[in-house]
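Engineer:
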Amino acid sequence: MTAVRFLGVLASIGLFLAAARAYDRRRISRLSLIVVTLLSTALVIMSIRPSVFDPVFGWFDVQPGAERRLIFVLVVGVLALFFLVLGIQSESDTNERSMRLLVEALGRERFDWDRAATLPEGRRIVVVSPAFNEAETVGDVIRAIPREVGGLQVIPVVVSDGSEDDTARRARTAGALVTELPIRRGGGLALRVGYEIALQLGAEVVVTIDADGQHLAEELPVLVEPILDGEADYVNGSRILGEFERESIVRHAGVHVFARVVTILTGTRITDPSSGYRAARAELLRRFVLEEDQFWTTEILIEALRHHARVLEVPVTIAARAGGETKKPASLRYGWNFSKVIVQTWLR
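If you read the sequence shown in my numbering, its first letter stands for residue 665, the second for the next number, and so on.
What follows is the structure in structure tokens.
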């Protein structure tokens, strides 16, 4: 047995064992396991007794010698696995979308609609705050939000993203309207639910603010007033133009790098693409296509630029977390996923 044939046998066994383990963990279907088993068996037979496949090779005019037939089987196997992976990915994407839509629907249904019905009539600004296990800080954040800006009433809405602590109750006690997602799906999905609720509440302007105390609620007028004055459609709070307490050198450098990337891709100067403190006209949000569940800050910003909205950056203060633990992943993983979202959104 030549070295190539020996490697073919090892590859076949390894492929089968990997598939069997994935099936045991319910990561692939029985059909996928059967296909991989057939491919692995064919490779083993080809490596040991290639003459079994002579009729097939004759039909494709694959001549013996120089391991051409083994290479042919390997190529066929790779193509079969490629289409199998595409099928699995398609099924996974369908299931993921169904799960996303289900969680969003449950989030809208669980909202405090009865309490919302008692709100006074009038023009409204809705402040949406996605929150995961922020019981320590969410109450102080809600109480600090002004109840009126520019003659419009301000309505705080907290979307508890599958929180396991007292986040929802403390937000309600502080005066917010609340909805609770059944499982944690990420700040992006929670924000989409909040946006949909804000639009149903008749908001003219929608603001996003973190529930961890990093954003100063007293700076809310700085984001809202340019929209109310007709100067902008979308206002992005920038720590670079304002003040901030640095979390780490790596992430601080990342803000500058990604700001440069977004500026080059969109042709609009952006200094802080990862800021979660922002405001937008309600009619602009209706046109957005938002799909990101986790790294949502840049997706929304680039969507605004894609729709040729008047985007304005204003200085804000980003403080250190007032309590709890950061939900962001490690810096390298965060940077990689952040980069993917920038490119994917820009290519839409």
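Heads up, the beta-carbon is just placed ideally off N, CA and C, and yes, glycines get one too. All values derive from a computational prediction rather than experimental measurement.
From the DSSP output, read off the bridge partner residues of serine 793.
Structural biologist: Paired residue(s): Val822.
Engineer: Across the region 868-878 and the region 938-952, are there enough close Cβ pairs to call them in contact, namely three or more that are closer than 8 Å?
Structural biologist: Segments in contact, yes.
Engineer: Going straight from the alpha carbon of arginine 788 to that of alanine 744, what length do you get?
Structural biologist: Arginine 788 and alanine 744: Cα-Cα distance of roughly 56 Å.
Engineer: Shortest alpha-carbon distance to arginine 694 belongs to which of Ala854, Leu996 and Ala683?
Structural biologist: Checking every option, the nearest Cα to that of arginine 694 belongs to Ala683.
Engineer: Roughly how many angstroms separate the alpha carbons of proline 885 and glycine 931, rounded to a whole number?
Structural biologist: Straight-line Cα distance between these residues: approximately 27 Å.
Engineer: So what's valine 805 in DSSP terms, helix, strand or just coil?
Structural biologist: Of the three classes helix, strand and coil, the one that applies to valine 805 here is helix, per DSSP.
Engineer: So, is proline 719 buried or exposed, given that buried needs 16 or more other C-beta atoms within 10 angstroms?
Structural biologist: Exposed: under 16 other Cβ atoms inside 10 Å.
Engineer: Taking 8 Å as the threshold (beta carbon to beta carbon), is alanine 867 in contact with chain D?
Structural biologist: Looking at the structure shown, chain D is missing, and only one protein chain is on hand.
Engineer: Could you tell me whether the region 830-837 touches the region 856-869, where touching means 3 or more Cβ pairs closer than 8 Å?
Structural biologist: Judged by Cβ distances under 8 Å, the region 830-837 makes no contact with the region 856-869, as fewer than three pairs qualify.
Engineer: Contact between the region 916-930 and the region 993-1007: three or more CB pairs below 8 Å?
Structural biologist: Touching, per the Cβ criterion.
Engineer: Would you kindly work out how many angstroms separate the C-alpha atoms of glycine 826 and serine 793, rounded to a whole number?
Structural biologist: The alpha-carbon atoms of glycine 826 and serine 793 are separated by roughly 14 Å.
Engineer: Could you tell me if glycine 815 is buried or exposed, where buried requires 16 or more neighbouring beta carbons within 10 angstroms of its beta carbon?
Structural biologist: So glycine 815 ends up on the exposed side.
Engineer: Mind checking which residues open and close the beta strand (DSSP E) that includes valine 622?
Structural biologist: The question about residue 622 has no answer here: the residues shown for the chain are numbered 665 through 1012.
Engineer: Suppose the cutoff is 7 Å on Cβ atoms and the five residues either side in sequence are ignored; what does the same chain contact list for valine 716 look like?
Structural biologist: Same-chain partners within the cutoff: Ile709.
Engineer: When the Cα atoms are used, what is the spatial distance from alanine 968 to histidine 879?
Structural biologist: In a straight line, the C-alpha of alanine 968 is about 21 Å away from that of histidine 879.
Engineer: How would you label proline 890, buried or exposed, when you count the other beta carbons within 10 angstroms and need 16 or more for buried?
Structural biologist: Per the 10 Å Cβ criterion, buried.
Engineer: Please go through the region 852-911 and give each complete alpha helix (DSSP H) segment of 4 or more residues, from N-terminal end onward.
Structural biologist: Counting only runs of 4 or more, we get 884-892.
Engineer: Of the choices Val899, Thr935 and Thr758, whose alpha-carbon is the least far from that of glutamate 907?
Structural biologist: That would be Thr935, whose Cα lies nearest to the Cα of glutamate 907.
Engineer: If you reduce the DSSP assignment to three classes, tell me which class glutamate 760 lands in.
Structural biologist: Reduced to three states, the DSSP call for glutamate 760 is helix.
Engineer: From the DSSP output, in three-state form, read off glutamine 817 for me.
Structural biologist: It is a strand residue.
Engineer: Report the rounded CA-to-CA distance for proline 937 versus isoleucine 712, giving the unit in angstroms.
Structural biologist: Proline 937 and isoleucine 712: Cα-Cα distance of roughly 58 Å.
Engineer: So, are the CB atoms of valine 823 and alanine 795 less than 8 Å apart?
Structural biologist: Yes; because the gap between Cβ atoms is below 8 Å, this pair is in contact.
Engineer: For alanine 1048, which of helix, strand or coil comes out of DSSP?
Structural biologist: Outside the shown range of the chain, which is 665 to 1012, sits residue 1048, and nothing can be said about it.
Engineer: Would you mind stating whether alanine 896 and leucine 976 have Cβ atoms separated by less than 8 Å?
Structural biologist: Cβ distance < 8 Å, so alanine 896 and leucine 976 count as in contact.
Engineer: Quick check on the DSSP output: the alpha helix (DSSP H) that includes isoleucine 966 runs from which residue to which?
Structural biologist: 961-970 is the extent of the alpha helix (DSSP H) around isoleucine 966.
Engineer: Spell out the partners DSSP gives valine 978 in its beta bridges.
Structural biologist: According to DSSP, valine 978 bridges with Gly901.
Engineer: With H, G and I counted as helix, E and B as strand and the rest as coil, what does DSSP make of threonine 930?
Structural biologist: If DSSP states are grouped into helix, strand and coil, threonine 930 belongs with the helices.
Engineer: If I measure Cβ to Cβ from isoleucine 819 and keep anything under 6 Å in the same chain, skipping five residues before and after, which residues do I get?
Structural biologist: Here the set comprises Arg788 and Val790.
Engineer: Kindly indicate which three-state DSSP category leucine 766 falls into: helix, strand or coil?
Structural biologist: If DSSP states are grouped into helix, strand and coil, leucine 766 belongs with the helices.
Engineer: Check leucine 695 in the structure and name its three-state DSSP category.
Structural biologist: Helix.
Engineer: Whole-angstrom Cβ separation of isoleucine 964 and arginine 903, contact assumed at under 8 Å?
Structural biologist: With 8 Å as the limit, isoleucine 964 and arginine 903 do not qualify as a contact, their Cβ atoms being about 17 Å apart.
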